[in-house]
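Trainee: So that we are looking at the same thing, I have put the structure below in structure tokens.
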Amino acid sequence: MIRTATPSDIPVIHALIRELADYEKAPQEARATEEQLRAALFGERPAVHAHVAVDEATGTTVGYALWFLSFSTWRGVHGIYLEDLYVRPSARGGGHGRALLTELARICVERGYERLEWSVLDWNRPAIGFYEALGARPQDEWTVYRLTDGPLAELGGSES
1248 MIRTATPSDI PVIHALIREL ADYEKAPQEA RATEEQLRAA LFGERPAVHA HVAVDEATGT
1308 TVGYALWFLS FSTWRGVHGI YLEDLYVRPS ARGGGHGRAL LTELARICVE RGYERLEWSV
1368 LDWNRPAIGF YEALGARPQD EWTVYRLTDG PLAELGGSES
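So the number in the numbering used here is just where the residue sits in the sequence shown, counting from 1, plus 1247.
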């Protein structure tokens, strides 16, 4: 079962984010707090959205998708950028990941969004195989760049 996350889901989403960071071999990078997630998802101006996958047999949350709107200047419409898609290893193969992506695709179609995009680590062969089986294709012509920490602060604090 897939449903829109509620404020009561914050602790489990936070725990799942930590599990994802461990899986991606970067636990030190996951610094978000429950308070930050609550503000981002349910504050005065929500910046992100989340859906959770609940195992119907046990009633436990086994996965989540956290996403936000993107915009294509070429197509002139919004899209969805999927920041995180994670299903606990014990629940993989049960259709939860596909169900989460299906819900996001449904939202895109319903709202007239023309893209559903995300990034995947190049070593994560199981995820790549899963995505490609759904019809997703890598965008090899693009390279992701990121500014964080010191370089971001230095650039952001510089005079224009």
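For each residue, glycine too, the CB sits at the ideal point set by N, CA and C.
Please report the Cβ distance between L1313 and E1364, rounded to the nearest whole angstrom; I am assuming they are in contact, meaning their Cβ atoms lie under 8 Å.
Mentor: With a Cβ gap of about 14 Å, L1313 and E1364 do not count as contacting.
Trainee: Distance, Cα to Cα, T1320 vs E1388?
Mentor: T1320 and E1388: Cα-Cα distance of roughly 18 Å.
Trainee: Using the C-alpha atoms, what's the distance from R1393 back to A1273?
Mentor: In a straight line, the C-alpha of A1273 is about 16 Å away from that of R1393.
Trainee: Relative to the alpha-carbon of R1250, which residue among A1286, I1354 and E1281 has its alpha-carbon at the smallest distance?
Mentor: The residue with the shortest Cα to Cα distance from R1250 is I1354.
Trainee: Is the stretch 1259-1271 touching the stretch 1296-1316, taking contact as three or more C-beta pairs under 8 Å?
Mentor: Yes: the two stretches touch, three or more of their Cβ pairs being nearer than 8 Å.
Trainee: Taking contact to mean at least 3 C-beta pairs separated by less than 8 Å, is the stretch 1282-1295 in contact with the stretch 1364-1374?
Mentor: Because the criterion of three Cβ pairs below 8 Å is not met, the stretch 1282-1295 and the stretch 1364-1374 do not touch.
Trainee: When burial is assigned at 16 or more other CB atoms within 10 Å of the CB, is V1299 buried or exposed?
Mentor: Buried, since its Cβ has 16 or more Cβ neighbours within 10 Å.
Trainee: What's the gap between the Cα of G1323 and the Cα of W1370?
Mentor: Cα to Cα, the separation comes out at about 33 Å.
Trainee: Note down the Cα distance separating L1347 from R1358, rounded to an integer number of angstroms.
Mentor: Cα-Cα distance, rounded: 17 Å.
Trainee: DSSP three-state call for L1363: helix, strand or coil?
Mentor: It is a strand residue.
Trainee: Please say whether V1301 and V1334 have beta carbons closer to each other than 8 Å?
Mentor: In this structure, V1301 does not lie closer than 8 Å to V1334 by Cβ.
Trainee: Does DSSP put L1351 in a helix, in a strand, or in coil?
Mentor: Looking at L1351 - three-state DSSP - the assignment turns out to be helix.
Trainee: Compute the distance between the beta-carbons of P1258 and E1281, then report whether it is under 8 Å.
Mentor: Yes. Within cutoff.
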